[in-house]
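A.B. asks: Okay, handing you the structure first.
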Amino acid sequence: MSYTDRYRRLGEGTDLDKAIECHNRALALTPEGHPHLSSRHYNLAISSHHQYQHTRNPSHLHICLDAFRKASQLLNGLPRDVFHYALEWATLASHHNYPSCIEAVRTAIDLLPHFMWLGSTTTQRYHDISSANNLVVRAVSAAILSSEYTLALEWLEHVRCLVWSQSLMLASPLDALHSSQPDIATALQTISHQLHLASSEGLTFRGTGDELSTVENRLRLSKEYSALLSRIRTLSGFEDFLQPKKGEEFARAARHGPVVIVNCHDHHCAALVVLPNRITIGHVPLPNFTEDKARKAHTEMQSSLQRKGIRERGVKIKGELDPNDCFAALLATLWHDIVKPVLDYLDYMNDVPTASLPHITWCPTGIISFLPLHAAGDYSQTGSRVFDYAVSSYTPTLTALLAPTPSTLTPDSRVLAIGQAATPGHSSLPGITKEIASIKAHIGHKYGFSQLVDDQATTAAVLDAMQDHEWVHLACHASQEVKDPTKSGFYLHDGTLDLSAINRRSFRNKGLAFLSACQTAKGDETLADEAVHLASGMLMAGYPSVIATMWSVKDEDAPLVADKVYEQLMKDGKVGNGEAGRALHSAVAELRERVGEKEFGRWAPYIHMGS
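First residue of the sequence shown? That's 1 in the UniProt record's numbering, and the numbers climb one at a time after it.
As C-alpha cells, then:
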C-alpha cells in the first residue's frame, strides 16, 4: 500500500509528507525525456492536492498546480494520459479561480490532436471525445469569465464537432493549393482520401494479420498526412492552411442575422452574440440559468414526451395536453432565463418589424443543445413568445455557416424524395404518400424530380441518387445509436443508411435536406458537443440547409409542414440565405394555428439547421 493510499484510508498528514517525499525523489531520479516523467509529476500533483485539502496552505495548491502544468506539457507520456492530466489541471485551476486556468484549458485543447489522433477510426475518436468531460463548455466558460470573448469563439470552433471537423478537413477542397502547388495538392488529396476511408473502417484490434495491416496502414497514412500539412504551412500564403478559424472570420457567420452562442458550465451561464458586420462580440450574462437547471429541464422534457407516447412518427399521441404537464413551465424557463435577455440585448422586443422578422441562429453548447430555444415562451402571457420576434435556426458550429454559398435551383437541378410508408418493426406512415405527392406538385415542371419509395429505396440506390440530386427529402423512420453514433441512420427497404456511409461521400453543390423522419436532431447526451445526429450529419455532408425534428412528429402533421415549406421555397428555389428557416417558420405557424398553441409536442419538434 502506498503512502497516498494509506492517507486516503486513515487521514494521517504524515503519510502525505512521506508520499510527497517519495514523489520528489522519484522525479529527481527520472531523466529528461523518460516516458514516465509526466506520470511522476502527476503523482506529485495528486498528493499535493490532498495536502492542500488537509492543510489549506496556498503554497501546497501552488505546488499541486505547478506539478499538473509539468505533467501536461511533457509529450513523452501516453497522449491519453497527458490529455487527462491537462483536463484535471484545468478543472482544479477553474475551481480555485487560479490565474493558470486559461493556460490549462489552452494546454488541453492543444493536446487534442495527439489524443484525438487521425489515425484512429471514427468510432474510436467518438469514444475518446466522450471522455473529454465537457471540454467545450468548460473552455468557453473560462474564456468568457476572463472577458476573452474572441478566444471563447475560437475554442468553441476548435473543440466542438471535432470528429466531424477532422472528417471535413480530410474532404476539404484544395483549389488554392492546386493553383500554386499542384503536385503537393494532389499528394495531399490522395493521402486525405486514403486516410478518410481507413478511418471509417470499424475494425478493432484483435491481433490478426489483416487487422494489424489496417492499424499499421492508418499509422503510416496519419504520419504522412501530418508531415505534408507541416510542409504546406511553410509555404508563403499557406501558413494557416486547414487551421481552425480565427476570431475576425466569425463576423461572416452572421451575414443573415445574429448568431447566438449559449454556454452553461456549472453556475455560470452566458450568451455570446456575433452580429452582422461587427467585429465586436456581444456578451449577455444569464445569471438565472445553471447547468443543473438545464439538465433538469432536459429530463423533464423527455419525461413529458414519453408520457405523451411520442416515440416515433406514426404512433398515436395520448390525449390532449395534461394541465400538470411540465412542458409549458420548461418553455417559460427558457424564455425568462435565456431567450428574453438575448432579445432584449438585440432590442428586438421594442422594435418589432411589421414585414420580415429578423433571423437568429442559435448555437447552444452542452446540455442546452437538447432544449427547444426556438419554442421558448411564457404561454400564460401575451407578447412572450420567441416566434413573434424572430425566425430561429440552429447551427452546430460557426464554421458551418461560413462554408456554404447560397444555392439556387436551375431548370437542370433535381429534387429527390425518399419514402418508406411501411418499415418492418415500426409503425406505418400512411401520410408519406400524401407528403411526397405534395412535394411533386409544388416542383411541377420547374425542376427535375425523382422519387424512391418502398422497395425502390435501398441504401445503395438512395446514396447514388443523393449524389445526382441537389435537394433531398427523406420521409421514413430513423434511429439514434447511442453506443456508436456513426451507426445512426435512416431505415430504408434493405437496411439502415447510416452516418458512416453518408460521411464517406463528399457531396458538392447541394442545397436543402428535409429530414421528415423521427428524432433526426435528437443527438446523444454523452456527446452533446459532437452533434452526432442525422441533421448535423447532413449539414457536414454538404447540405448547407437542413430541416429536421428534435423528437418524433405526428404522421398527419408532417405532410402539412412539408407542403407549406415547399410551397414557399419553390417560389424562387433558393436556400442558403435563411429561406428554409423562414419557410419552416411560416409552416409551423400554420400547424400551430390548426392544432393549438399549447400542443407543444406537435409543433415544437420542427427545426431548421444551417443557412
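Using N, Cα and C, we set each Cβ at its ideal position, and we do this for glycine too.
Quantities reported herein were computed from a predicted structural model and do not represent experimental measurements.
1) Just to confirm my understanding: we take A254, look at its own chain, exclude 5 residues before and 5 after, and list those with CB closer than 7 Å. What are they?
2) So, under 8 Å CB-CB, H473 and S516 are touching, yes? Tell me the CB distance rounded to an integer number of Å.
3) By the DSSP assignment, the beta strand (DSSP E) with H116 in it spans what residues?
4) So within the segment 387 to 412, which uninterrupted beta strand (DSSP E) runs reach at least 3 residues, ignoring any that extend past its ends?
5) Is the beta carbon of T486 sitting closer than 8 Å to the one on Y126?
6) Note down the Cα distance separating H60 from A93, rounded to an integer number of angstroms.
7) On a Cα-Cα basis, can you pick out the residue from E291, S506, V391, C22 that is closest to G610?
8) Could you give the uninterrupted runs of the alpha helix (DSSP H) lying entirely in the segment 324 to 394, keeping only those of 4 residues or more?
9) Ordered along the chain, which non-local residues of its own chain (more than five positions away) have a Cβ less than 8 Å from that of E154?
10) Under 8 Å between C-beta atoms, does R220 make it to chain C?
11) Can you list, in chain order, the residues of its chain with a C-beta nearer than 7 Å to that of A108? Leave out the 5 residues immediately preceding and following it.
12) State the start and end residues of the unbroken alpha helix (DSSP H) segment that holds C22.
13) Under a Cβ-count criterion, where at least 16 other Cβ atoms within 10 Å of its own Cβ denotes burial, should S48 be classed as buried or exposed?
14) Cα separation between C264 and I129?
15) At which residues does the alpha helix (DSSP H) containing I432 begin and terminate?
16) What does Q420 pair with, by DSSP beta-bridge criteria?
17) If we ignore side chains and look at the alpha-carbon of each, how far apart do G576 and T395 end up?
18) Under DSSP, the beta strand (DSSP E) around T549 begins and ends at which residues?
19) Output the distance between the C-alpha atoms of A421 and A558, rounded to the nearest integer angstrom.
20) Let me know if A227 comes out buried or exposed under the rule of 16 or more other beta-carbons within 10 Å of its beta-carbon.
21) What number of angstroms, rounded off, separates the C-alpha of Q293 from the C-alpha of A28?
22) Using a Cβ-Cβ cutoff of less than 6 Å, which residues in the same chain neighbour residue 660 once the five nearest sequence positions on both sides are dropped?
23) Among the residues of its own chain, which have a CB less than 6 Å from the CB of A417, if the five just before and after it don't count?
24) Please tell me whether K510 and E470 are closer than 8 Å, where the distance is taken between their beta carbons.
25) What did DSSP end up calling R160 once you bin it into helix, strand or coil?
26) For P341 versus L272, is the C-beta spacing smaller than 8 Å?
27) For D378, which option in S427, L398, L330, H445 has the closest C-alpha, if you only look at C-alpha atoms?
28) Do you know offhand how far R25's Cα is from F250's?
29) Which of helix, strand or coil does DSSP assign to Y149?
30) Just the Cα atoms here: how many angstroms apart are A176 and M540?
31) Check whether the Cβ atoms of L65 and S100 lie closer than 8 Å to each other.
32) Which partner residues does M609 have in the DSSP bridge list?
33) Rounded to a whole number of angstroms, what is the C-alpha to C-alpha distance between I367 and E300?
34) Indicate the three-state DSSP secondary structure (helix, strand or coil) for H265 in the structure shown.
35) Give the range of the beta strand (DSSP E) segment to which L497 is assigned.
36) Under 8 Å, do A67 and H41 count as touching if we go by C-beta distance?
C.D. replies: On the basis of the data shown:
1) Result list for A254: V274, L275, P276, in chain order.
2) Rounded to the nearest angstrom, the Cβ distance from H473 to S516 is 7 Å, consistent with a contact under 8 Å.
3) A small correction: the amino acid at residue 116 is Met; His does not occupy that position in the sequence shown. From DSSP, M116 is part of no beta strand (DSSP E); its letter is neither H nor E.
4) The segment 387 to 412 contains these whole beta strand (DSSP E) runs: 391 to 394.
5) A contact, by the Cβ cut-off of 8 Å.
6) Those two C-alpha atoms are separated by around 13 Å.
7) Ranking E291, S506, V391, C22 by Cα distance to G610 puts V391 first.
8) If we require 4 residues or more, the alpha helix (DSSP H) runs fully inside the segment 324 to 394 come out as 327 to 334, 340 to 346.
9) Leaving aside the five residues that flank E154 on each side, the residues in its chain whose CB is nearer than 8 Å to its CB run, in chain order, P244, K245, K246, G247.
10) Among the chains in the structure shown there is no chain C, since it carries only a single protein chain.
11) The answer, listed in chain order, is F83, A86, L87, A90, L135.
12) C22 -> alpha helix (DSSP H) spans 13 to 29.
13) Counting Cβ neighbours within 10 Å, S48 comes out buried, since at least 16 surround it.
14) Between C264 and I129, the C-alpha separation is close to 19 Å.
15) That run of the alpha helix (DSSP H) goes 431 to 443.
16) Note: Q420 sits in no beta bridge, so no partner.
17) Their backbone Cα atoms lie some 13 Å apart in a straight line.
18) Run containing T549: 545 to 549, per the beta strand (DSSP E) assignment.
19) Between A421 and A558, the C-alpha separation is close to 13 Å.
20) Exposed, by the Cβ-count rule.
21) Sequence inspection shows Lys at residue 293; the Gln mentioned does not correspond to that position. Rounded to the nearest angstrom, the two C-alpha atoms are 48 Å apart.
22) Since the first residue shown for the chain is 1 and the last is 611, residue 660 is missing from the structure and cannot be characterised.
23) Closer than 6 Å at Cβ, skipping near neighbours: I436, I439, Q451, H473.
24) With respect to the 8 Å criterion, K510 and E470 are classified as neighbours on the basis of their beta carbons.
25) In the structure shown, R160 adopts coil according to DSSP, grouped into three states.
26) No, the Cβ-Cβ distance between P341 and L272 is not below 8 Å.
27) Comparing C-alpha distances from D378 to each of S427, L398, L330, H445 shows the shortest one belongs to L330.
28) In a straight line, the C-alpha of R25 is about 50 Å away from that of F250.
29) Helix, per DSSP.
30) Near 21 Å, if we compare the C-alpha coordinates of M540 and A176.
31) The criterion of a C-beta distance shorter than 8 Å is satisfied by L65 and S100.
32) Paired residues: Y394, V546.
33) One C-alpha to the other measures close to 13 Å.
34) Here H265 sits in strand by DSSP.
35) L497 -> beta strand (DSSP E) spans 495 to 498.
36) Contact flag set, yes.
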